[in-house]
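J.: Just passing along the structure, written as structure tokens.
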Amino acid sequence: MAITIIKGGKVYDPVHGINGEVRDIWIKDGKIVAPQILEDELPEKVIDATGRIIMPGGVDMHCHIAGPKVNLARKMRPEDKRYAPHVSRTSLTRSGTIGSVPSTFATGYLYAGLGYTTAFDAAVPPLSARHAHEELQDTPIIDKGFFLLMGNNHYALEQIASKDSEKLKSFTAWLLESAKGYAIKLVNPGGVEVWKSGGANINEIDQDIGHFNCTPRQIIQGLSQTAMDIGLPHPVHIHCNNLGIPGNWRTTLATMDALEGRRAHLTHIQFHSYGGEPDDQGKFCSKVQELADFVNSHPEVTVDVGQVLFGETTSMTGDGPLGYYLHKVTGKKWTSADTEMEAGCGIVPMAYKEKSFVNALQWAIGLEWYLLVKDPWQIAMSTDHPNGGSFLAYPEIIQLLMDRTYRQEILKRVHPRVLERSCLKDLDREYTLNEIAIITRAGPARMLGLINKGHLGVGADADITIYNESSNILAMFELPYMVIKYGKVVVEKSEIRLQVPGNTLHVSPSFDPGLVGGIRKWFESYYTIQFENYPVTEEYLSGGGTMIPCSKK
Amino acid sequence: MQNELKVVSNATCTFCGCVCDDIELTVEGSHITKAKNACVLGKAWFLNHEAGEGPIARIRGKEATVEEAVEEAARILVDAKFPIIYGLSDTTCEAQRVTVAIADWIGASIDTTTSVCHGPSGMAFQGVGEITCSLGEVRNRADLVIFWGSNPAESHPRHWGRYSTMPKGLFVPNGRKDRTVVLVDVRRTKSAPAADIFLQIKPRKDFEVLWMLRALVKGLTINEADLVDTGVTLEQLQNLVEKMKACKFGVLFFGMGLSMTRGKHLNVEAALALARDLNAFTRFYANPMRGHGNVTGADNVVSWQTGYPFGVNLGRGYPRFNPGEFTTTDTLARKEADAAMIIASDPMGNFSQAAREHLGSIPYIALDTKETSTTRAAAVSFTTATYGINVPGTVYRMDDVPIPLRPAFESPYPSDEKILRALEKKVLHLLQAKLQVSN
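The listed protein sequences derive, respectively, from chains A and B.
Under the working numbering, think of the first position of the first sequence as 84, with each following residue one higher.
Under the working numbering, think of the first position of the second sequence as 36, with each following residue one higher.
Printed below as a string of structure tokens:
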């Protein structure tokens, strides 16, 4: 079979401790292979990477790119695209719109163009899994998958309330298999159900969830344990209660404590690190240090940031009451869409302004997180696309992290009170390229349990990004020289050269088939579609799909 | 030939936006003899189904091979300066996805029957957002159900029984007894007797009544004089507002009686805003009553591929959205399009005279399961298999829930998707050839 060699590039492969050394990379059948002695054959392709930087393809572990709420946001916001750049059709590629919520083909091209080769949508109601899969099939080039909303799922809550861990495990496994999902996602555990049952919310983790007779703490413990017990590659993925509310850092710390040593990923942690009082903006301040201290002493906990960038975007969340809160705060249009037995949803246009104290502090809090977590393997880059900003802002974040002068310049421009309420001005740390490679690919791949991604060792998927080495960090990361997906050149000089479908990544944990009868009985009592029509079949998987194995206990 | 008897369980009816997926079909050869659980409309859909007649493909009325017809269709589309593609509400998402691809490659306008039913609802959604939910939320929670400008007894016969008023649910264990049902319409329809409260408003006064309801919900003072000519009294509205604020879970289902009457998108904006405002007191939702079996899928597919729900033009090489400019009736009535492709729709049977006249004067391609006035006047026509009866795939219920199809038997005709895939391939081939010539 044909061999491709990438010659002479400076390789950043943190998994293997390779930090900018010049190495050749050999590729065969879409995988990275050991250098070989070629006797009769010549390599099919030799890519000269002299003077360039080589990293594994980027991995976005938390974004919103497919499924019902993403599409509702597209439908709701024509104005978001009116003056935004667009993606033009070529003889090879489809056209699309961008704005804060790009259309599907555009999403695939833009990620690939940025050197990202894998992305996970973070919040899909199982009932809409088929929809998310259809969109992912129309999102080319990248590998992709999604997390299933479970923190307000009625059946799960019932098992948690009755402390039936066997049923909870079987249900979780059955649900992931049925939806062809990847991980368990908790969004405002219990709070969305309270919102759906009358419009209130939960504001601390020991509050009772009305009719379910259980608490957020029990949901967090039950499903973090379940993820470990059924051997999911990614631990429970938690969007804590009280997102965005001043003073919410206590809830976040309580959530971390409630894990009691279990593995977990806390997402868009920036939105959960606020000091102050819910009703007093004057006391709003950063509490990153207190939370980062916890992360720094708990290697089983990982986070992604959910960095806020200045500009206009769209907030979209499975956190229904949050959508209502943002609507009340901003006065802007609001979409909410609740899913039977499973989930909620809120969508509101957002604008983050430099001169707004709250927005500027949110921006600073995100950066504090990157700079205060000591081990970069515990923190992943994200904007919670599009909530804090578009994934297209990743190069900007890299510049903010690698260049403290640039960071301090922006800090001087934003609302002055941020200087008092955040320690950002005192943080001198600058990220190295190796650390950037960790927080944008090696780390998220490890957190997701993707053993073939995020590194360049033998056997890894040949998903590779080649950058032009430059002192202009922004330009370097915005326009990679070349992007390779499964060994094929898909992007060269900022143009899509080949449109591959990309694979849908999913899990298929085993479960006790004897417990499906009980699930069916519950399902048939409350759902409005047939039990047999609920599971998503293989033909909905992009590129035929790739099943990521669960570990055996 | 021996007719084999088989039973297809959990089959999906695509006749209306309810998309009931609990139908049990008894199939004898190429006839459905029983459609258990189906309503009167669904039974007619399944039991009266006859495979189309005549050839699969025709060019200007004359029988042709599929290859010839695909070639001619591709030539028409590629040669056009302003091609338009329309229809899509009665075919699978799989076919819709290929259609938008073709529209993209040739730089066409892509529009669906949404533009003549709930297009104004889509525009209203863009104005104020929408507080909506899946139908199971209504089934399990709703204690106040309002229908406005919709006649489910005749248009969506199982809506009440399956989703909205009758079923017992988690928080409404006694079903209909736990619910208050309100109907608002300009005439006493067959749905009226089933409602607890019927408000008959004067035609074309929907906006005024909805706006007054909003005012009352906000606590503003309204006088009887403000309600002159609306057909309702202040007391009736106050009574309704009390119920809306006091319910635990209210939902307003609105039909084309709201979206296609005077005021159009403004009416729907008022309804969506009313439901939104009520969330200051309780949980309240507004959901459209969609008509065709997969019109909701068409909205979704066009949105995820282009960013906009309908009325999209790709002529500049990227999507632009402008209802009125790029919606099919308007484009045709202004005599702008010079070629068209119509899929699973009959504009020659229901568009304005100006639009029909222009469509009749340009070459167009039509795909349908049976002969219609649109297929008869087409330059190229294809007879295709029926989705849900012969063709598998995906459809979206009116509440955006995606549901798979379980076909009953194979048709001698190809699916829309199959023809469209062949057409896409041929279109790309011709475009490539064109590119080479111009180079």
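Glycine is no exception: its CB is placed at the ideal position from the N, C-alpha and C atoms.
Predicted, not measured: the structure shown is a model, and the values here were computed from it.
Buried or exposed for Gln66(A), going by 16 or more other Cβ atoms inside 10 Å?
T.: Here chain A covers residues 84 to 636 and nothing more, so residue 66(A) does not appear.
J.: Any idea what DSSP makes of Asn555(A), helix, strand or coil?
T.: The answer is coil: DSSP assigns Asn555(A) none of H, G, I, E or B.
J.: Using a Cβ-Cβ cutoff of less than 7 Å, which residues in the same chain neighbour Ile236(B) once the five nearest sequence positions on both sides are dropped?
T.: Within the same chain, Ile236(B) has close Cβ partners Val219, Val221, Val244, Thr265, Gly266, Val267.
J.: Just reading off the alpha helix (DSSP H) that Glu445(B) is part of, what are its end residues?
T.: Segment: none, Glu445(B) is in no alpha helix (DSSP H) and carries neither H nor E.
J.: Should Asn325(A) go down as buried or exposed, given a rule of 16 or more other Cβ atoms within 10 Å for buried?
T.: That one is buried.
J.: Per DSSP, what kind of secondary structure is Phe284(B) in: helix, strand or coil?
T.: Looking at Phe284(B) - three-state DSSP - the assignment turns out to be strand.
J.: Just to confirm, does Phe440(A) get its C-beta within under 7 Å of one of the non-hydrogen atoms of the ligand NAP?
T.: What this structure holds is no ligand at all, so the ligand NAP is not there to describe.
J.: Whose Cβ in chain A lies nearer than 8 Å to the Cβ of Asp57(B)?
T.: Correct list: Gln613.
J.: Does Met36(B) pass the burial test, meaning 16 or more other C-beta atoms within 10 Å, or should it be called exposed?
T.: Here the model assigns Met36(B) a pLDDT of 48, short of 50, so the residue's position is not dependable, and the following value carries that caveat. By the neighbour-count rule (16 or more Cβ atoms within 10 Å), Met36(B) is not buried but exposed.
J.: Report yes if the C-beta distance between Phe284(B) and Met324(B) is below 8 Å; otherwise report no.
T.: Not in contact: Phe284(B) and Met324(B) (Cβ atoms no closer than 8 Å).
J.: Report the residue from Val599(A), Val501(A), Val116(A) whose alpha carbon sits nearest the alpha carbon of Gly365(A).
T.: Residue Val501(A) is the option with its Cα nearest to Gly365(A).
J.: Residues of chain B with CB under 8 Å from Lys158(A), in chain order?
T.: What Lys158(A) touches in chain B: Gly157, Phe160, Gln161, Asp334, Ser338, Tyr343, Pro344.
J.: Answer with buried or exposed for Asp365(B), where buried requires no fewer than 16 other C-beta atoms within 10 angstroms of its C-beta.
T.: That one is buried.
J.: Report yes if the CB atom of Ala420(B) is closer than 8 Å to the CB atom of Ile67(B), and no otherwise.
T.: Going by C-beta atoms, Ala420(B) is not nearer than 8 Å to Ile67(B).
J.: Return the CA-CA distance between Ala420(A) and Ala212(A), expressed in angstroms with no decimal places.
T.: Rounded to whole angstroms, Ala420(A) to Ala212(A) spans 15 Å at the Cα level.
J.: My understanding is that Thr222(A) touches Ala149(A), with C-beta atoms under 8 Å, so please give their C-beta distance in whole angstroms.
T.: 6 Å between Cβ atoms; contact.
J.: So the candidates are Val386(A), Gly281(A), Pro432(A), Gln304(A); which of them puts its Cα closest to the Cα of Val184(A)?
T.: Answer by Cα proximity: Pro432(A).
J.: Distance cutoff 8 Å, beta carbons only. Does Gly350(B) sit that close to anything in chain A?
T.: No, its Cβ sits nowhere closer than 8 Å to a Cβ of chain A.
J.: Closer than 8 Å between beta carbons: that is the criterion. Which residues of the region 197-215 of chain A meet it against chain B?
T.: For the region 197-215 of chain A, which is checked against every Cβ of chain B, the residues closer than 8 Å are Leu210, Ser211, Arg213, His214.
J.: On a CA-only basis, which of Cys506(A), Ile547(A), Pro478(A) is nearest Ile491(A)? Give me that one, please.
T.: Here the sequence assigns Gln to residue 491(A), which means Ile is not the residue at that position. With distances taken between Cα atoms, Gln491(A) lies closest to Cys506(A).
J.: For chain B, is any of its Cβ atoms less than 8 Å away from the one on Asp221(A)?
T.: So yes, Asp221(A) belongs to the interface.
J.: Under three-state DSSP, which class holds Ile481(A)?
T.: Helix.
J.: In whole angstroms, what separates the C-alpha of Leu557(A) from that of Glu479(A)?
T.: Distance between the alpha carbons of Leu557(A) and Glu479(A): 6 Å.
J.: Using CA atoms only, rank isn't needed, just tell me which of Pro97(A), Thr87(A), Asp143(A), Ile110(A) is closest to Thr515(A).
T.: Of the listed residues, the one whose Cα sits closest to Thr515(A) is Pro97(A).
J.: Which class does Phe367(A) belong to by DSSP, given the choice of helix, strand or coil?
T.: Here Phe367(A) sits in strand by DSSP.
J.: Do you know whose CA, among Asp231(B), Leu293(B), Arg297(B), lies nearest Gln271(B)'s CA?
T.: It is Asp231(B) whose Cα lies nearest to the Cα of Gln271(B).
J.: What do you reckon, are the CB atoms on Ala413(B) and Tyr399(B) nearer than 8 Å?
T.: It is a contact, given that the beta carbons lie within the stated cut-off.
J.: Would you list, in sequence order, the uninterrupted beta strand (DSSP E) runs of no fewer than 3 residues that lie entirely inside the region 393-476 of chain A?
T.: Segments of the beta strand (DSSP E) lying fully in the region 393-476 of chain A: 394-400, 417-421, 429-435.
J.: May I ask you to list the residues that DSSP assigns as paired with Tyr238(A)?
T.: Note: Tyr238(A) sits in no beta bridge, so no partner.
J.: Just the chain A side, please: which residues come within less than 9 Å of Tyr422(B) by C-beta, in chain order?
T.: Ordered by position in chain A, no residue passes the 9 Å Cβ test against Tyr422(B), which lies about 15 Å from the chain.
J.: Please classify Gln388(B): is it buried, with 16 or more other beta-carbons within 10 angstroms of its beta-carbon, or exposed?
T.: Exposed, since its Cβ has fewer than 16 Cβ neighbours within 10 Å.
J.: Can you tell me whether Ser554(A) is buried or exposed? The criterion is at least 16 other CB atoms within 10 Å of its CB, across all chains shown.
T.: Ser554(A) should be labelled exposed.
J.: Under the assumption that Val277(A) contacts Ala426(A) (Cβ atoms under 8 Å), give the Cβ distance between them as a whole number of angstroms.
T.: Wrong, their Cβ atoms sit about 13 Å apart, outside the cutoff.
J.: The beta strand (DSSP E) that contains Asp546(A), what's its start and end?
T.: That residue, Asp546(A), is in no beta strand (DSSP E); it is neither H nor E in DSSP.
J.: From the DSSP output, read off the bridge partner residues of Asp220(B).
T.: Paired residue(s): Gln235(B).
J.: Can you grab the Cα-Cα spacing for the pair Lys97(B) / Thr418(A), in whole Å?
T.: Cα to Cα, Lys97(B) sits roughly 51 Å from Thr418(A).
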